[in-house]
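Undergrad: Here you go, one structure.
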Amino acid sequence: MENTKHIKTALISVFDKTGLDAIVKKLDALNVSIYSTGGTQTFIEGLGVEVIPVEELTSYPSILGGRVKTLHPKVFGGILGRRELDSDVAQLDEYEIPGIDLVIVDLYPFEDTVASGGTHQEIIEKIDIGGISLIRAAAKNYKDVAIVSDKSQYASLLNLLNEQSGATSISQRKDLATAAFNTSSHYDTEIFKWFSGDDLKAFKASVKTNKTLRYGENPHQKGSFYGDLNEIFDQIHGKELSYNNLLDVDAAVNLMHEFKDDAPTFAILKHNNACGMATRSSLAEAYKDALAGDPVSAFGGILIANKEIDMTTAEQINSLFCEIVIAPGFSADSIELLKSKKNRVLLIQKAWPAQKMMFRSILNGVLAQEQDHITDTADNFETKTNASPSEQEVEDLVFANKLVKHTKSNTIVLAKNGQLLASGTGQTSRVDALRQAIHKAKSFDFDLKGAVMASDAFFPFPDCVEIAEKEGIKAVVQPGGSVKDQLSIDYCNEHGVAMVFTGHRHFKH
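My numbering puts the first residue of the sequence shown at 64, with every later residue one more than the last.
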């Protein structure tokens, strides 16, 4: 192997001892001298393996309640000493500093302590000083030192020790160093974010895990996903998710979050927008009416439900070519049926994403904003017209407004009896969005009389309410806020249309 180094001396100091015993025993079998301190030293001694206390090397005890244990020149000199420099080697000999070839160290569980609601002082005490310093020092000197900074690396380290008899190559040590700096930079980022709270003065985002995708949005673009999808889904069938699949899945999950506690609801999405959606007394009926909203666009779409998919629903789904089906569960017989298409992805959703912020790279920087967590309900509808919406119209206005929040702007959503009739998506004018929605609804033979209309932003002129009213729409929801709101209100009053304001714009670009 290129630039091989044999491990003769190791320093081990870890908070989590899980899986460490096999490593220690193998190092002992290879006659590696082991230095350690505190609880790790006690653990190693309990295995019947000889260990040298770090205090014996430094002639200093652990002090300040354990805050200072390994921060000493005799420790860091042994890690940072450059074996190819005669002057470094001479100084190591002069001060009787043993060269350290392997460092196994982890960090105090800062993130876990924050997540579990630890007190301020408990969190402060979980800010690692010695461990982070050891990691950085060993990674910096990867030409001579191997650094293991996470217990997830124990299995690969044990394989390396077994297969290479304690030798490491320069490329292996560099890979370990890269992983170590990933660990240390992530740790510091999480500390910075905790100290900053909601007042972030710099853009710091860190996700330790990544998955290389087949390609990005198009085949000539490289793509990766940073995160752990297993926290949210169990994939029980199908091919690997692509970049575009992930965008659609994200849109589907965010949309269905609005309906997670509602009666059985089914949505079909294409290019991040819902092309069909319905709420019904059974999931099979919800799917049938969601598909009716646009059976053409549904081909190759993303399907999502808020209830477990049963066999009756699965039989309907199976006749449609679709990329992905997402649900909180699948009955055993429905799984077997839906698996009949080998590439169809089946995802069991275990959790809802909990990210507070969203980011987008632009120009030479990054835009950051809070997630749009406002869901408008009937309680915050403010009737602005002489006519008030009926009970059914209120239900439909809530339904439509949830949809409009998750549709590309400019958008208009038309709904009736808990069903998406059509939407105008991503148009440069609100009138165009409305005309697109009307044309689409009519093309699938929907009767717009008694339907409702939702808009993601205010109407600057009364043209939209006029067009809608002439098609038979008698209830409208919009955020309001135009200096010319009264023009739309006046038209509605003259033609018996009910209109409510929410006070919340829901642009989505």
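Just so it is clear, CB atoms sit at the ideal spot from N, CA and C, and this is done for glycine as well. For clarity, every value in this text was computed on a predicted model and none was experimentally measured.
(1) Should K465 go down as buried or exposed, given a rule of 16 or more other Cβ atoms within 10 Å for buried?
(2) Counting only runs of 4+ residues fully inside the region 221-300, write out the alpha helix (DSSP H) ranges in chain order.
(3) Whose C-beta lies closer than 6 Å to the C-beta of F537 among residues of the same chain, with five residues either side of it excluded?
(4) For V528, which of helix, strand or coil comes out of DSSP?
(5) Quick one, which of K505, R493, G535 and E108 has its alpha-carbon nearest P523's?
(6) Does the region 106-119 come close enough to the region 71-91 to have 3 or more Cβ pairs within less than 8 Å?
(7) Considering only residues of the region 156-213, which uninterrupted alpha helix (DSSP H) runs meet the minimum length of 4 residues and lie entirely inside it, listed in chain order?
(8) Spatial neighbours of R146 within its chain, please: C-beta separation below 6 Å, excluding the five flanking residues on both sides.
(9) Assuming contact is defined by CB atoms lying nearer than 9 Å, are V211 and V168 in contact in what I supplied?
(10) From H135 to E118, what does the alpha carbon distance come to, in whole angstroms?
(11) Helix, strand or coil for Q499? Go by DSSP, reduced to three states.
(12) So the alpha helix (DSSP H) N317 belongs to, where does it begin and stop?
(13) Spatial neighbours of A315 within its chain, please: C-beta separation below 7 Å, excluding the five flanking residues on both sides.
(14) Keeping to the same chain, check which residues put their C-beta closer than 6 Å to that of D526; ignore five residues upstream and five downstream.
(15) Classify P327 as buried or exposed, calling it buried when 16 or more other Cβ atoms lie within 10 Å of its own Cβ.
(16) For G379, does the three-state DSSP call read helix, strand or coil?
(17) Going by C-alpha distance, which of D439, K402 and D156 is nearest V467?
(18) Please confirm whether D508 and K571 have their CB atoms less than 9 Å apart.
(19) For F564, collect the residues of the same chain with a Cβ closer than 6 Å to its Cβ; drop the 5 residues on either side in sequence, then sort them by chain order.
(20) Please go through the same chain and pick out, in chain order, the residues whose beta-carbon is closer than 8 Å to the beta-carbon of I142, but skip the five residues on each side of it.
(21) Check this for me: beta carbons of E534 and L511, under 9 Å apart or not?
(22) Mapping DSSP to helix, strand and coil, what is N427?
(23) Does DSSP put G481 in a helix, a strand or coil?
(24) May I ask you to report which of helix, strand or coil DSSP gives H69?
(25) Given this structure, state the Cα-to-Cα distance separating R277 from L309, to the nearest angstrom.
(26) To the nearest angstrom, report how far apart S382 and I411 are at their CA atoms.
(27) Among Q298, F521 and T246, which has the Cα closest to the Cα of P172?
(28) Can you give the beta carbon distance from E386 to G363, rounded, assuming they're within the 8 Å contact cut?
(29) What residues in its chain sit with their C-beta under 7 Å from that of H569, if we drop five residues either side in the sequence?
(30) Whose C-beta lies closer than 6 Å to the C-beta of D91 among residues of the same chain, with five residues either side of it excluded?
(31) In terms of DSSP beta bridges, what is Y217 paired with?
(32) With a threshold of 16 other CB atoms inside 10 Å of the CB of D297, please say whether the residue is buried or exposed.
(33) Where DSSP assigns a beta bridge to C385, which residues make up the other side?
(34) Here's a check: name, in chain order, each residue in its chain whose Cβ is nearer than 8 Å to the Cβ of S521, leaving out the five neighbours to either side.
(35) Count the other C-beta atoms from every protein chain shown that fall within 10 angstroms of the C-beta of Y123, then say buried if there are 16 or more, exposed otherwise.
(36) Using CA atoms only, rank isn't needed, just tell me which of K71, H334, S360 and N556 is closest to P161.
TA: Let's see:
(1) Answer is buried; the Cβ neighbour count reaches 16.
(2) Whole alpha helix (DSSP H) segments, 4+ residues: 233-259.
(3) According to the sequence shown, residue 537 is Lys rather than Phe. Result list for K537: V560, in chain order.
(4) Helix, per DSSP.
(5) It is R493.
(6) The region 106-119 vs the region 71-91: in contact.
(7) DSSP runs (the alpha helix (DSSP H)) wholly in the region 156-213: 173-178, 183-188 and 193-203.
(8) Here the set comprises D207.
(9) Yes, the Cβ-Cβ distance between V211 and V168 is below 9 Å.
(10) If you draw a straight line from the Cα of H135 to the Cα of E118, it comes to about 10 Å.
(11) Residue state, collapsed to three classes: helix.
(12) Membership of N317 in the alpha helix (DSSP H) is indicated by the continuous run Y306 to H320.
(13) The beta carbon of A315 is closer than 7 Å to those of A330, L332, I365, I367 and I389 in its chain, skipping five residues each way along the sequence.
(14) Result list for D526: V494, in chain order.
(15) Buried is the call here.
(16) Position check: residue 379 holds Gln in this sequence, whereas Gly was assumed. Assigned with DSSP and collapsed to three states, Q379 falls in helix.
(17) Of D439, K402 and D156, the residue nearest in Cα terms is D439.
(18) At least 9 Å separates the beta-carbon of D508 from that of K571.
(19) Closer than 6 Å at the Cβ level, and outside the excluded window around F564, lie E445, K447 and G543.
(20) When the five nearest sequence neighbours on each side are left out, the beta carbons in the same chain lying within less than 8 Å of the beta carbon of I142 are those of L74, I163, V166, L197, A200, A201, N204 and V208, in order along the chain.
(21) E534 places its beta carbon less than 9 Å from that of L511.
(22) Reduced to three states, the DSSP call for N427 is coil.
(23) Looking at G481 - three-state DSSP - the assignment turns out to be coil, as it is neither helix nor strand.
(24) Three-state result, H69: strand.
(25) Rounded to whole angstroms, R277 and L309 show a C-alpha spacing of 12 Å.
(26) Spanning the alpha carbons of S382 and I411 requires a straight line of approximately 20 Å.
(27) Selection Q298, F521 and T246 evaluated against P172 yields T246 as nearest (Cα-Cα).
(28) The C-beta distance from E386 to G363 rounds to 6 Å, short enough to meet the 8 Å contact threshold.
(29) Once the five neighbours on either side are set aside, the close Cβ partners of H569 are D435, V467, K468 and D519.
(30) Listed in chain order, the non-local C-beta contacts of D91 below 6 Å within the same chain comprise V112, local neighbours out to five positions each way being set aside.
(31) Answer is none; Y217 lacks a bridge partner.
(32) Exposed, by the Cβ-count rule.
(33) In the DSSP assignment, C385 is bridged to G364.
(34) A small fix is needed here, since residue 521 is Phe in this sequence, not Ser. Excluding residues up to 5 positions away in sequence, Q541, P542, G543, G544, S545, D548 and R568 lie with their Cβ nearer than 8 Å to the Cβ of F521 in the same chain.
(35) Exposed, by the Cβ-count rule.
(36) Across the set K71, H334, S360 and N556, the C-alpha of K71 shows the shortest separation from the C-alpha of P161.
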